[in-house]
Amino acid sequence: WAAGVERNDGGELAIDGIPVSELKAQFGSPLFVMSETDFRARARAFKDAFDAAFEDICGGVDVYYAGKSFLCTAVASWVAEEGLRLDTCSGGELAVAARAGIDGANLGLHGNNKSDAEINRALDMKLGRIVVDSLDELERVAKIASARGEVAKVMLRLTPGVHAHTHEFIATAHEDQKFGLSMAGDSTEEAGLSAAEEAVAAATSYDSIELLGLHCHIGSQIFEPEGFALAAEKLLVFLAAMQSKYSIVLPELDLGGGYGIAYTPVDTPRPAAEIAQAMAAVVRSSCAGLGIKAPRISIEPGRAIVGSSTFTLYETGTLKTVRVDAPAGADGAENVTFPRRYVSVDGGMSDNARPVLYDADYSAVLASRTSLAEPQLSRVVGKHCESGDIVVRDVYLPADVAAGDLLAVPGTGAYCWALSSNYNYLARPGVVAVRGGTARWIVRGETEEDLLNRDMGVANV
Ligand code: LLP
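Start counting the sequence shown at 2; every next residue gets the next number (this note's numbering).
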């Protein structure tokens, strides 16, 4: 839960003292409720933890908030006010950054398939870095910048062969994925040269490219520091080799995002300070061992900053209970049947696609009141025409939950609104930010009129 979310004396969930029933009355549901205070505090905490760990190595860390996790103009401006930079991955995200008045020097642009228009826009906005994803794109950026008589600031995204997911990571020599330049030796036609090295060589040969350094991103929702540390080590070894072979200096190294959060009590991400220190230890010892000056380190956390700042407020509707048969297990367990109650809410996979897409787990609480009724195994489902439309797979909710109650699902700040859709012609919920006891739209909810706006009607039939 975000800071400032607690039960009031009447037993109702409230944020900064504003009860959920008031939010529902004023803004409707489903509704994303974001604590601005919490967002800002986490942004600052991340910056402080990494700055402290890397102070003696490279004077601190540049933290780029990954806008793909959740972005709107207000959030972009909070990010800047808290001393962070912004990582974008499309022309649309650049447009939001521009609207928030963010200095181009504090922006990065990602993407494996940037359009010429996006590259031009990045150059128009004098972006601090374009993170180039392929040899093909490097050539395109060089050509576009050259035609404009400008020099593009570029980082190269490499795939270090480290893949992390939650508490496991795997290391492989070869990369078979759409992102990045492979570091494996025989990955391109050019005998012996990795795509990564070819890109370094090419980048240094273009007058219209300033090669700032290297980048990698090893995955998302990662709990432990080992994967980050291994990737950092691999990239530093490569960086040192490139510096000496091509007589260049690569002043920057970006280690990407992916820092995990707790969605349910079984999730146990390590604190940012611990991860920062583990990463710093590896950067420190690698640079010393390689005899190089440490590059300026940057990172790109998204989820870890915005994820826990937000909960989704839903109103409950239809309820039904089914008997579930659990077949006898191989371990000799008996056949059992148990009741499961389906609690439908007024949103679903259109405002949170993560359970459907990634089997993601969430939790939920009865928010509009407390109840002494017995907890009952429940499944919170949406209103979409799809049986996989699940919001929370298994949660114990009071047995007297009834239509018209309000449920709150925490941890929905990252990749929920961002991935939302209009499936079944549902209007996408808006986002309300709460600070100092007041709530206001930062993205208003869609209306039926919005939904029909782009439908050309019968005129063109
Ligand atoms: N940097 C790059 C280059 C990325 O691709 C991403 C996320 C991030 C930073 C931020 O990662 P974060 O710190 O938020 O984990 N939709 C999925 C997550 C996709 C992540 C894509 N890239 C989900 O909902 O779990």
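Cβ coordinates follow ideal geometry from the N, Cα and C atoms, glycine included.
Bear in mind the structure is a predicted one, so any value in this text is a computation, not a measurement.
beta-carbon residue i near ligand 2 non-hydrogen atom, thresh 7 Å
i	result
Arg41	Absence of ligand 2 from the depicted structure is noted, with ligand 1 being the only ligands included.
Beta-carbon proximity check, residue i vs residue j, cutoff 8 Å
i	j	result
Glu253	Leu291	no
Ile300	Asp352	no
Pro161	Lys235	yes
Leu398	Ser379	yes
Glu37	Trp79	yes
Ala419	Phe51	no
Asp17	Gly437	yes
Val325	Arg341	yes
Ala365	Val337	no
Thr311	Phe33	yes
Lys179	Asn113	yes
Thr313	Val410	yes
Gln222	Thr167	yes
Glu211	Val284	no
Tyr424	Leu452	no
Span separating the alpha-carbon of residue i from that of residue j
i	j	result
Thr269	Ile262	8 Å
Asp117	Pro376	56 Å
Phe40	Val307	6 Å
Ile58	Thr205	26 Å
Ala404	Gly318	4 Å
Ser22	Leu407	8 Å
Ala196	Ala233	18 Å
Gly349	Arg355	10 Å
Asp125	Gly61	29 Å
Phe339	Phe229	43 Å
Val97	Asp332	56 Å
Ala54	Met280	8 Å
Gly74	Ile443	The question names Gly, but residue 74 is Thr in the sequence shown. The straight-line gap from Cα to Cα measures roughly 8 Å.
Segment limits, alpha helix (DSSP H) that includes residue i
i	result
Leu139	Leu136 to Ala148
Ile58	Glu37 to Cys59
Phe28	Val21 to Phe28
Lys246	Glu227 to Tyr247
Leu128	Run containing Leu128: none; DSSP gives neither H nor E here.
Asp451	Glu449 to Asn454
Leu95	Gly92 to Arg100
Val201	Ala196 to Ser206
Reduced DSSP category for residue i - H, G, I as helix; E, B as strand; rest coil
i	result
Phe312	strand
Glu275	helix
Glu253	strand
Ala440	strand
Val344	strand
Ser379	strand
Arg355	helix
Val152	coil
Ile300	strand
Ile103	coil
Val432	strand
Thr74	helix
Tyr426	helix
Val80	helix
Ser287	helix
Glu119	helix
Val133	strand
Ala327	strand
Whole-angstrom C-beta distance between residue j and residue i, which should lie under 8 Å
i	j	result
Asp390	Val346	With 8 Å as the limit, Asp390 and Val346 do not qualify as a contact, their Cβ atoms being about 10 Å apart.
Ile298	Gly259	15 Å between Cβ atoms; not a contact.
Leu159	His216	7 Å
Tyr65	Ala143	Not a contact, Cβ separation roughly 23 Å.
Gly431	Gly446	3 Å
Ala101	Ala123	Contact doesn't hold; Cβ gap of about 16 Å is too wide.
Thr371	Gly12	4 Å
Ile131	Val435	Not really, about 36 Å apart at Cβ, beyond 8 Å.
Tyr264	Gly412	5 Å
Phe224	Met184	In fact, because the Cβ distance is near 25 Å, the residues do not count as touching under 8 Å.
Where the beta strand (DSSP E) through residue i begins and ends
i	result
Gln399	Looking at the sequence shown, residue 399 is not Gln but Pro. First-last of the beta strand (DSSP E) with Pro399: Ile391 to Pro399.
Pro1	What the structure shows of the chain is the stretch from 2 to 462, and residue 1 is not part of that stretch, so it cannot be assessed.
Val267	Segment: none, Val267 is in no beta strand (DSSP E) and carries neither H nor E.
Thr89	Arg86 to Thr89
Glu387	Looking at the DSSP string, Glu387 is not in any beta strand (DSSP E), and its letter there is neither H nor E.
Gly109	Leu108 to Leu110
Ala403	Run containing Ala403: none; DSSP gives neither H nor E here.
Asp63	Val62 to Ala67
Asp214	It is worth fixing the name first, because residue 214 is Gly in this sequence and not Asp. It spans Ile210 to His216 - the beta strand (DSSP E) in which Gly214 sits, taken as one unbroken run.
Glu169	Glu169 to Ala172
His164	Val163 to His166
Leu420	Neither: Leu420 is in no beta strand (DSSP E) and is coded neither H nor E.
Ile16	Leu14 to Ile16
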